[in-house]
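Taking it in order: structure first as structure tokens, then the write-up.
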Amino acid sequence: MGEMRDKLKEVAELTHRLKEKYPTEINAFMSFVSKAEAGPALSSREKELINIGISVAGQCEWCIAVHVKHAIKAGASRDEIVEAGFMAVVMHGGPALMYLVPLMKALDEFLPEEDA
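Numbering (the numbering used here), first residue to last: 899 to 1014.
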């Protein structure tokens, strides 16, 4: 399994564990996410590209893995995903640039260049 797929597995395992031990809290969070993402003004692709930028700026490798995977599923191209990462660098500087490392790993794992 690849490094970013391992991150996705860790997220799934954490969510499962939290649902068992803290169902009220995690279900409330998941409900909030679902409702917040339901707005019609932006497409799923656009929302995932925004989430990628925030994930890079927030320096969250697990978030990067999740949102790169979701963006690809929503039809985002490799160039769009990288550009979203660079928007985070514009706003967050050098530390965000370093998080293009896991962004590129996620792209290479989930959307190899020969598939792009």
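Glycine included, every Cβ here is placed at the ideal spot set by N, Cα and C.
Query, Result
"On the criterion of 16 or more Cβ atoms from any shown chain inside 10 Å, does G983 qualify as buried, or is it exposed?", "buried"
"Do the segment 927–939 and the segment 968–985 meet, that is, are 3 or more Cβ pairs less than 8 Å apart?", "no"
"Where do the N-terminal and C-terminal ends of the alpha helix (DSSP H) with A1004 fall, by residue?", "998–1008"
"Please report how far the alpha carbon of E1011 lies from the alpha carbon of L1001, in whole angstroms.", "14 Å"
"Can you give the Cα-Cα distance for C958 and K919, rounded to whole angstroms?", "24 Å"
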